[in-house]
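**Q** I have a structure I would like to understand better, so I am pasting it below and will then ask my questions one at a time.
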């Protein structure tokens with residue numbers, strides 16, 4: 046069940062970074078680049094420094110914009126790994142049953 050998004054709700058840079066799995070510096074770059082409109086600063090008060098807040102509506106709009114970008118249709122599938130058949134013993138021919146020759150000691 047989704048809660049209503051209030052125009053007054055805002056997240057800090059750290060909260061947005063954690064939500065998206067990116068660094069705080071990258072969030073600041075997105076704000077400076079104009080990708081997250083409506084960001085505002087709360088001036089320092091006492092022992093707390095200046096805080097940058099980003100409106101939740103702006104964050105959700107950015108998530109919708111970036112989510113709807115589809116991958117290219119003509120992308121080629123990845124090639125399958127080669128199977129040589131020798132397996133993990135290919136560097137040790139003496140242990141590979143295909144390369145075992147008759148030993149001279151059996152004569």
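Numbering (the working numbering), first residue to last: 46 to 152. Even for Gly, the Cβ is constructed at its ideal location relative to N, Cα and C.
#1: Residue 175 and residue 62 look like a contact to me (Cβ under 8 Å); what is the Cβ gap, rounded to whole Å?
#2: In the structure shown, what three-state DSSP assignment does residue 60 receive?
#3: Could you have a look at residue 99 and say whether DSSP puts it in helix, strand or coil?
#4: State yes or no: is the C-beta of residue 96 within less than 7 Å of the C-beta of residue 87?
#5: Given a threshold of 16 other Cβ atoms within 10 Å of its Cβ, counted over all protein chains shown, does residue 123 qualify as buried or as exposed?
#6: Label residue 118 either buried or exposed according to how many other C-beta atoms from any shown protein chain fall within 10 Å of its C-beta, with 16 as the threshold for buried.
#7: Within this structure, are the beta carbons of residue 166 and residue 107 separated by less than 7 Å?
#8: Rounded to a whole number of angstroms, what is the C-alpha to C-alpha distance between residue 59 and residue 77?
**A** Taking the structure as given:
#1: Nothing about residue 175 can be reported from this structure: the residues present for the chain run from 46 to 152 only.
#2: helix
#3: strand
#4: yes
#5: exposed
#6: exposed
#7: Because residue 166 is not part of the residues shown, which for the chain are 46 to 152, the question remains open.
#8: 16 Å
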